[in-house]
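Below is one structure, written out as structure tokens; comments come after it.
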DNA sequence: AGGCGTTATGTACAAACGTACATTCTTTGT
DNA sequence: ACAAAGAATGTACGTTTGTACATAACGCCT
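Chains as they are written, first to last, in the numbering used here: chain A, 18 to 198; chain B, 18 to 198.
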């Protein structure tokens, strides 16, 4: 904590560091001081850039949701044909965007928080709406709803399960949902 | 907070009240004092029955996992034939055990906590193992893994989605996973 | 160059927290 | 009936927390 006057986009950096701290310690144990130390800024810097802890959490989780939805849309926008879309979904579940432990963990924290905070609830609602819209470019509405839920469940179970789930199993599950009866 | 000496199974009651407090305020905002007030017992009663807050959380989430796994097993044990098992699964997702907002919420909190605490991680592992074993009495191993994930995703999305998902959609999704290719 | 608005810093403080513990009451076993 | 063991209570204390705020430094515009 030396002299570090003039740190442009410190606010942006604080938001990213806050997500790291939340991923490591959980919302329950995330404090102004922990984030300040992790970002190597004085405590007062946090109260300057954010109205309070709630404001910091809101900014952090908004970034998480936006980034994830961006990646989701990009992956599906780059897919062509039904097979391409299916493989894109498999790649998302198995890849780092939805599959990485850190993101799954942060998602839990967001869900838990959003259940009690309307402003964060709006964040999750927007996120889900964007995901569904991206899927609906390739699949019919009914399939989209089911696929959306399957993606959620597979991501969680892949990250949490004791024995890792193979990509083949993921692909098989996606196929069962997508393949018309 | 009058005279209430001699309160057998107060410990059990405190665990249940703790789950209520966690569901309402989240783990992050659950304190000894909040639980004590909700249960109408003095503060000291909590430090007497539990070694600390962590111990209380562990007891509460263990009960949640055990109760849910019990209900899950019972529903599937009472099902006969493949159609019966399928309908049991649909009923579980749409019913109160997995579908109720409170339980979904508590599950998030548990997942978020279990990611960082080995003792609670063991609780979720056992829960998942019991669920999978109950499903495997009716379905082949591959289908069981996929169905398990689908149940998770559908439960979450049903509780969180803006527009409620119909039971027919749930049944359709289960059928797509279960029906052999 | 110089002033002004913005950004950065360190400290201070009240409130809330987890936990320990001495004391009091109740049940249980003999 | 009485003693021992267990359960229940209230208080007290040290720590951590969120947040406010006075002060200082910096970038930018004229």
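Just so it is clear, CB atoms sit at the ideal spot from N, CA and C, and this is done for glycine as well.
If the cut is a Cβ gap below 7 Å, which residues of chain A does residue i touch?
i, result
"residue 184 of chain B", "Near residue 184 of chain B there are no residues of chain A at all, since even the closest Cβ is about 13 Å away, more than 7 Å."
"residue 162 of chain B", "182, 186"
"residue 132 of chain B", "122"
Going straight from the alpha carbon of residue i to that of residue j, what length do you get?
i, j, result
"residue 84 of chain B", "residue 151 of chain B", "14 Å"
"residue 176 of chain B", "residue 78 of chain A", "20 Å"
"residue 173 of chain B", "residue 22 of chain A", "46 Å"
"residue 136 of chain A", "residue 75 of chain A", "8 Å"
"residue 18 of chain B", "residue 68 of chain B", "Unreliable positioning characterises residue 18 of chain B in this predicted model, as indicated by a pLDDT of 41, which lies under 50. The coordinate reading is nonetheless provided below. Going by the C-alpha atoms only, they are around 23 Å apart."
"residue 81 of chain B", "residue 98 of chain A", "44 Å"
"residue 179 of chain B", "residue 139 of chain A", "10 Å"
"residue 32 of chain B", "residue 155 of chain A", "47 Å"
"residue 94 of chain B", "residue 102 of chain B", "9 Å"
"residue 57 of chain B", "residue 35 of chain B", "12 Å"
"residue 88 of chain B", "residue 160 of chain A", "29 Å"
"residue 189 of chain B", "residue 46 of chain A", "41 Å"
"residue 118 of chain A", "residue 53 of chain B", "35 Å"
"residue 125 of chain A", "residue 126 of chain B", "7 Å"
"residue 106 of chain A", "residue 146 of chain B", "27 Å"
"residue 132 of chain B", "residue 123 of chain B", "14 Å"
"residue 39 of chain B", "residue 55 of chain B", "11 Å"
"residue 42 of chain A", "residue 71 of chain A", "16 Å"
"residue 108 of chain A", "residue 166 of chain B", "17 Å"
"residue 184 of chain A", "residue 162 of chain A", "22 Å"
"residue 187 of chain A", "residue 195 of chain A", "12 Å"
"residue 112 of chain A", "residue 168 of chain A", "12 Å"
"residue 115 of chain B", "residue 26 of chain B", "27 Å"
"residue 49 of chain B", "residue 61 of chain B", "9 Å"
"residue 158 of chain B", "residue 91 of chain B", "20 Å"
"residue 182 of chain B", "residue 64 of chain B", "43 Å"
"residue 66 of chain B", "residue 134 of chain B", "21 Å"
"residue 143 of chain A", "residue 86 of chain A", "9 Å"
Say whether chain B places a C-beta atom closer than 7 Å to the C-beta of residue i.
i, result
"residue 65 of chain A", "no"
"residue 39 of chain A", "no"
"residue 193 of chain A", "yes"
"residue 43 of chain A", "yes"
"residue 36 of chain A", "no"
Does any residue of chain A have a CB that is nearer than 7 Å to the CB of residue i?
i, result
"residue 69 of chain B", "no"
Please compile the residues from chain B whose C-beta is within a distance smaller than 7 Å of the C-beta of residue i.
i, result
"residue 174 of chain A", "165, 166, 169"
"residue 126 of chain A", "129"
On the three-state DSSP scale, how would you describe residue i?
i, result
"residue 192 of chain B", "helix"
"residue 2 of chain B", "The requested residue 2 of chain B does not occur in the structure, where chain B is confined to residues 18 to 198."
"residue 66 of chain B", "helix"
"residue 18 of chain B", "Only weak support is given to the placement of residue 18 of chain B: the predicted model assigns it a pLDDT of 41, under 50, and the question is left unresolved by the model."
"residue 148 of chain B", "helix"
"residue 163 of chain A", "helix"
"residue 157 of chain A", "coil"
"residue 142 of chain A", "helix"
"residue 180 of chain B", "coil"
"residue 24 of chain B", "coil"
"residue 175 of chain A", "helix"
"residue 103 of chain B", "helix"
"residue 59 of chain B", "coil"
"residue 135 of chain B", "helix"
Would you mind reading off the limits of the alpha helix (DSSP H) that contains residue i?
i, result
"residue 49 of chain B", "49-56"
"residue 77 of chain A", "70-94"
"residue 120 of chain B", "118-131"
"residue 37 of chain B", "27-42"
Please list the partners that residue i has in chain A, where partner means a Cβ-to-Cβ separation under 8 Å.
i, result
"residue 189 of chain B", "159, 163"
"residue 142 of chain B", "179"
What does residue i touch in chain B if you count any residue whose Cβ is under 9 Å from its own?
i, result
"residue 27 of chain A", "Within chain B, no residue comes near residue 27 of chain A; the closest Cβ sits about 25 Å away, beyond 9 Å."
Kindly examine the ligand COA and report whether one of its heavy atoms sits closer than 6 Å to the Cβ of residue i.
i, result
"residue 104 of chain B", "Absence of the ligand COA from the depicted structure is noted, as is the absence of any ligand whatsoever, leaving it without description."
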